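Participant: Those letters in the sequence shown? Residues 77 to 523, by this note's numbering.
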Amino acid sequence: MSGSTLILIAVAGIFLLLFLVMRTKLHAFVSLLLVSLLVGVAAGMPLGDVIASIQNGMGGTLGFVAVVVGLGAMFGKMLEVSGGAERLAQTLVNKFGEDKAQWALALTGFIVAVPVFFDVGFIILVPIVYGLAKKTGRSLLYYGIPLLAGLAVTHSFIPPTPGPIAVANLIGAELGWVILFGVIAGIPATILAGPVFAKYIAKKIHVTIPDYMEFEEIDTSKELPSFKMIVSLISIPLVLILANTLSAVLLEEGNGIRTFFTFMGHPFVALTLATLLTFIFLGTRRGYTRDEVQEIATKALEPAGIIILVTGAGGVFKQVLIDSGVGDVLGEMMAGSALPAIVLAFLIAAVVRVAQGSATVSMVTAAGLITPLLELQNITGAALGLIVISIASGATVLSHVNDSGFWLVNRYFGLDVKDTLKSWTVMETIIGLTGFAVVFLISLFII
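#1: Can you give me the C-alpha to C-alpha distance between PHE337 and MET410, rounded to a whole angstrom?
#2: Tell whether a beta-carbon distance below 7 Å holds between PRO222 and GLY258.
#3: Taking its Cβ as the centre, do 16 or more other Cβ atoms sit within 10 Å of SER480, making it buried, or is it exposed?
#4: Along the chain, where does the alpha helix (DSSP H) containing THR81 start, and where does it finish?
#5: Reducing DSSP to helix, strand and coil, say where GLY341 ends up.
#6: Which class does ASP125 belong to by DSSP, given the choice of helix, strand or coil?
#7: Tell me whether PRO240 is buried or exposed, calling it buried when 16 or more other Cβ atoms sit within 10 Å of its Cβ.
#8: Which whole-angstrom value is the C-beta distance of VAL369 and PHE355, which I expect to be below 8 Å?
#9: Taking the C-alpha atoms as reference points, what is the distance between LEU256 and LEU318?
#10: Pairing CB atoms from the region 228-245 with CB atoms from the region 421-438, are three or more of them under 8 Å?
#11: For GLY444 and LEU397, which I take to be in contact (beta-carbon distance under 8 Å), what is that distance rounded to the nearest angstrom?
#12: Only counting runs of 4 or more residues, tell me where the alpha helix (DSSP H) segments fall wholly within the region 104-183, in order along the chain.
#13: For LEU449, tell me which candidate among ASP404, VAL115, LEU423 and GLY136 has the shortest Cα-Cα distance.
#14: Assuming ALA225 and GLY185 are in contact, meaning their beta carbons sit under 8 Å apart, how far apart are those beta carbons, in whole angstroms?
#15: Are there 16 or more other CB atoms within 10 angstroms of the CB of ILE333, so buried, or fewer, so exposed?
#16: What runs of the alpha helix (DSSP H), each 4 residues or longer, lie entirely inside the region 418-465?
#17: Quick one: what's got a C-beta closer than 7 Å to GLN453's C-beta in the same chain, skipping five residues either side?
#18: Do ALA249 and GLY461 have their beta-carbon atoms positioned less than 7 Å apart in this structure?
#19: In this structure, does DSSP put HIS231 in helix, strand or coil?
#20: With H, G and I counted as helix, E and B as strand and the rest as coil, what does DSSP make of ALA471?
#21: Can you list, in chain order, the residues of its chain with a C-beta nearer than 8 Å to that of ALA182? Leave out the 5 residues immediately preceding and following it.
#22: How should TYR288 be labelled, buried or exposed, when 16 other C-beta atoms within 10 angstroms of its C-beta is the threshold for buried?
#23: Please state whether the Cβ-Cβ distance between PRO343 and VAL188 is less than 7 Å.
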């Protein structure tokens, strides 16, 4: 089959995927599987090989992603239930002072979103935004945008959140590099999209607590876990994973310290340790029975299961592209482009994001399409970490009416569609463009 025919099949597959998700509202998991099947058959693969590709793609992806996302979800749920997120916010707002509460909320969001899903973190912490806005008379956006920016940046850029975990696994990037570059790109993105943009937009759009929201002042007298404990628990997996990556760069193979950190810093070990510690220090030590801790952990896997399956289907799509030969042709076509891989990764993710709304679907689709090019150009090591953040940045820009996050903010801040576009959509775009600009500059020295 000619290369041009295979390219047409790939393009038709992507358009079909967008049609199924957007128009027919077919679930992303089923849509990705169906498109993978059809692309494999259309590309002339033997039917038995199509099934084998689906099995290999799903198994290869979920062998890593299911463990990491599952453990991360339990870890985050324990932090949520125990009041750990509230403790972080209260302590930081008190330390920064009311006049710098924007910075405290941005930092809170940045830390909280490491273990806690974006929407959950926002819902837990939005009463603090309400309280500050009511007290000072400022627009909700003055405090809300910095919190949203911190949550959104970490949710998109820093493992063990599902998006970067999925992309890192699909393109073969080490999580240590992803965390390092995610933090480096995430800090300026949070500052520009958070406190800096919030000061501007709050002057343009003044919003107060919506009448339909039942606002209760947060009870600051109730006993919450200590600030140091929460920061320590969140830091454990990040530090161990980073130590693993850095020891591989700085120490020779066979070195005892490197061997130790290779084991302890593997995401499976680091997250298992962190999750067990949260069960103890935020669970049984704080009065929860073992049955209650088990129930909390089980409940955490419900939203995680959807993300895990969609990511697995993204792995299937990637595997079918590779096994059918479509991937090789795509890779050669992209290699012939004047644009570097990091720019193509960003653009592909951005186009899919704008078209169908889901950041997760756009991330896994972009990762599947860009993988053959990365293999063709032999892009490895730290450079793959930059590609992950580039894809995450593309999957963040221009959130609009087809994104659930858009409507979450719209409802909780009582905005109309126009003002949600002016505030939330612009904030997300600043995050994506800033993140991409940072990793692109770094790539000039690495790739």
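Yeah, the Cβ is synthetic: ideal placement off N, Cα and C, and Gly gets one too. Bear in mind the structure is a predicted one, so any value in this text is a computation, not a measurement.
Facilitator: Walking through what the data contain:
#1: On the sequence shown, residue 337 is found 261 positions in, with the first residue counted as 1. On the sequence shown, residue 410 is found 334 positions in, with the first residue counted as 1. Whole-angstrom Cα-Cα distance: 37 Å.
#2: In the sequence shown, the residue the question calls residue 222 occupies position 146. In the sequence shown, the residue the question calls residue 258 occupies position 182. Contact: no.
#3: Within the sequence shown, the letter at position 404 stands for residue 480. With fewer than 16 Cβ atoms within 10 Å of its Cβ, SER480 is classed as exposed.
#4: Position 5 of the sequence shown, counted from the first residue, corresponds to residue 81. Start and end: 79-98.
#5: If you number the sequence shown from 1, residue 341 lands on position 265. Coil.
#6: Here residue 125 refers to the residue found at position 49 of the sequence shown. Here ASP125 sits in helix by DSSP.
#7: As a working note, residue 240 is residue 164 in the sequence shown. PRO240 should be labelled buried.
#8: For the purposes of this step, residue 369 is taken as the residue at position 293 of the sequence shown. For the purposes of this step, residue 355 is taken as the residue at position 279 of the sequence shown. Indeed they touch by this definition, with Cβ atoms about 5 Å apart.
#9: Position 180 of the sequence shown holds residue 256. Position 242 of the sequence shown holds residue 318. The alpha-carbon atoms of LEU256 and LEU318 are separated by roughly 7 Å.
#10: yes
#11: As a first step, residue 444 must be located in the sequence shown, where it is residue number 368. As a first step, residue 397 must be located in the sequence shown, where it is residue number 321. That belief holds up - the Cβ atoms of GLY444 and LEU397 are roughly 6 Å apart, short of 8 Å.
#12: 104-118, 123-158 and 160-172
#13: For this step, residue 449 is matched to residue 373 along the sequence shown. When each option's Cα is compared against that of LEU449, the closest is ASP404.
#14: Stepping through the sequence shown from its first residue, residue 225 is reached at position 149. Stepping through the sequence shown from its first residue, residue 185 is reached at position 109. 7 Å between Cβ atoms; contact.
#15: As a position in the sequence shown, residue 333 is number 257, starting the count at 1. When all chains shown are included, ILE333 counts as exposed.
#16: 435-452
#17: On the sequence shown, position 377 is the one that residue 453 refers to. Taken in chain order, the residues that qualify are ALA411 and ALA417.
#18: On the sequence shown, position 385 is the one that residue 461 refers to. On the sequence shown, position 173 is the one that residue 249 refers to. Yes.
#19: In the sequence shown, residue 231 corresponds to position 155, counting from 1. In the structure shown, HIS231 sits in a helix (DSSP, three-state: H, G or I).
#20: What you label residue 471 is simply residue 395 of the sequence shown in a count that begins at 1. Coil at ALA471, not helix or strand.
#21: What you label residue 182 is simply residue 106 of the sequence shown in a count that begins at 1. Closer than 8 Å at the Cβ level, and outside the excluded window around ALA182, lie PRO222, LEU223, ALA225, GLY226, THR266, ILE267, GLY270 and PRO271.
#22: Reading the sequence shown from its first residue, position 212 is the one you call residue 288. Exposed, by the Cβ-count rule.
#23: Position 267 of the sequence shown, counted from the first residue, corresponds to residue 343. Position 112 of the sequence shown, counted from the first residue, corresponds to residue 188. Against a cut-off of 7 Å, the Cβ pair of VAL188 and PRO343 comes out as no contact.
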